[in-house]
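Chemist: First the structure, then my questions, so here it is.
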Amino acid sequence: MIGSPGTGKTLLSQRLCTILPELEPEESLETTRIYSAVAQLESGQPLLLRRPFRSPHHTISEAGLVGGGSIPQPGEISLSHNGVLFLDELPEFNRRTLEVLRQPLEDQTVTISRAMGSVTFPANVMLVAAMNPCPCGFRGDPKRSCSCTPVQIERYLSRISGPLLDRIDIHIEVPPVPFRELADRTEGTSSAAMREGVVAARRRQAERFRSDTVRVNGKMKPPQIRRHCRLSADAEQLLKHAMESMGLSARAHDKILRIARTIADLVDSESILSEHLSEAINYRTLDRNYWQQ
Ligand SMILES: [Zn+2]
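Sequential numbering of the sequence shown, starting at 5, is according to our numbering.
Given below as structure tokens:
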């Protein structure tokens, strides 16, 4: 999430767990086991019933984030297992610390090797990160003016490596919300209603992948993408145009298709339409020379 300070990026991330499906009993056991290993279960709470939300500070060490120690201990990524790992102010994190996240994000496990043997901890997380649009934070804000030079802005982005950015499926700009809208008392969609939509979309995915090892759209491999993300002729054309004009990688191309599949699932559409695809393309903000706008 890219947005000026105070646009609610942290609040949105905290609320994410409330629209995800409830923990399955098996997931609950897995996560509880990790918390129990580090004695972080609250007394009187034998089982974790909610998805964990972890928000480590940007000064965290590599071991703190992915695990380590002479007697291997799980890190924040494992404490977020089956939940959300939120990294606020992403460019402030030590670049090397972020680099060690890459493998666990790919494998959904962390293996810590020691002379005595190795230990593997689960690490299936939804990674959410937030950052300002520029070092001063006010780029694109209609009320405040940005004092950053293009070079400063580019240097700010370069603190996050391309390969890590490549592992993030959705880039979204969080605009400053005008006071008028904040004061608006009409109710939006509740978390409970959103969760119902998510659960229904997951059910569709379970049906789609019933004879497969994959369980969700986000984990589809190229052969599954070819099978389940067929496009109409005009949607095909739209994607081709976006690929060329934004200079997208093959990896970004596949991400767009996975996300478009999920957007279609959320509105109960069997086929991926142009509108689903164009929404998915919009979630690749940082691929489109964002910093040179
Ligand atoms: Zn600025």
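In this text, a Cβ means the ideal position worked out from N, Cα and C, and glycines have one as well.
Treat the numbers as computed from the prediction; the structure is a model and nothing was measured.
What separation, rounded to the nearest whole angstrom, lies between the Cα atoms of leucine 91 and proline 60?
Modeler: The sequence position of residue 91 within the sequence shown is 87, counting from 1. The sequence position of residue 60 within the sequence shown is 56, counting from 1. Cα to Cα, the separation comes out at about 7 Å.
Chemist: Measure how close the beta-carbons of serine 282 and leucine 235 come, nearest whole angstrom, since I'm counting them as under 8 Å.
Modeler: The residue you call residue 282 lines up with position 278 of the sequence shown. The residue you call residue 235 lines up with position 231 of the sequence shown. That pair is no contact at about 12 Å.
Chemist: With H, G and I counted as helix, E and B as strand and the rest as coil, what does DSSP make of proline 146?
Modeler: Here residue 146 is taken as the residue at index 142 of the sequence shown, counted from 1. Correct three-state label for proline 146: coil.
Chemist: What residues are listed by DSSP as bridge partners for glutamate 177?
Modeler: Locating residue 177 in the sequence shown gives position 173, where the first residue counts as 1. Answer is Ile6, bridged to glutamate 177.
Chemist: On the CB-based measure, 16 or more other CB atoms within 10 Å of its CB, does alanine 246 come out buried or exposed?
Modeler: Counting from one through the sequence shown, the residue named residue 246 turns up at place 242. By the 10 Å Cβ count, alanine 246 comes out buried.
Chemist: Let me check one thing: in DSSP terms, what residues is glutamine 77 bridge-paired to?
Modeler: Looking up residue 77 in the sequence shown gives position 73. Glutamine 77 pairs with Gly72.
Chemist: DSSP puts arginine 288 in a beta bridge; with which residues?
Modeler: For the purposes of this step, residue 288 is taken as the residue at position 284 of the sequence shown. According to DSSP, arginine 288 bridges with His175.
Chemist: Quick one, which of Leu131, Glu110, Gly73 and Thr124 has its alpha-carbon nearest leucine 20's?
Modeler: Against the sequence shown, residue 20 aligns to sequence position 16. Taking only the C-alpha atoms, the option nearest leucine 20 is Leu131.
Chemist: Quick one: measure Cβ to Cβ for tyrosine 39 and leucine 53, integer angstroms, because I've assumed they're closer than 8 Å.
Modeler: Along the sequence shown, one-based indexing puts residue 39 at 35. Along the sequence shown, one-based indexing puts residue 53 at 49. About 12 Å; that fails the 8 Å criterion.
Chemist: If you measure from the CB of glycine 10, is any heavy atom of ligand 1 nearer than 7 Å?
Modeler: Position 6 of the sequence shown holds residue 10. No - ligand 1 has no heavy atom lying nearer than 7 Å to the Cβ of glycine 10.
Chemist: Shortest alpha-carbon distance to glutamate 274 belongs to which of Glu211, Leu169, Met5 and Ala133?
Modeler: Locating residue 274 in the sequence shown gives position 270, where the first residue counts as 1. Here the closest residue by C-alpha is Glu211.
Chemist: For a test of your reading of the model: does the CB of glycine 141 fall under 7 Å from any non-hydrogen atom of ligand 1? Yes or no.
Modeler: By one-based count along the sequence shown, residue 141 stands at place 137. Yes, Cβ of glycine 141 sits closer than 7 Å to a heavy atom of ligand 1.
Chemist: Can you determine whether any heavy atom of ligand 1 sits closer than 7 Å to the C-beta of serine 151, and answer yes or no?
Modeler: Here the question's residue 151 lines up with position 147 in the sequence shown. Indeed, a heavy atom of ligand 1 lies less than 7 Å from the Cβ.
Chemist: Could you say if the region 58–76 and the region 133–151 meet the contact criterion of at least three C-beta pairs nearer than 8 Å?
Modeler: No, the region 58–76 does not touch the region 133–151.
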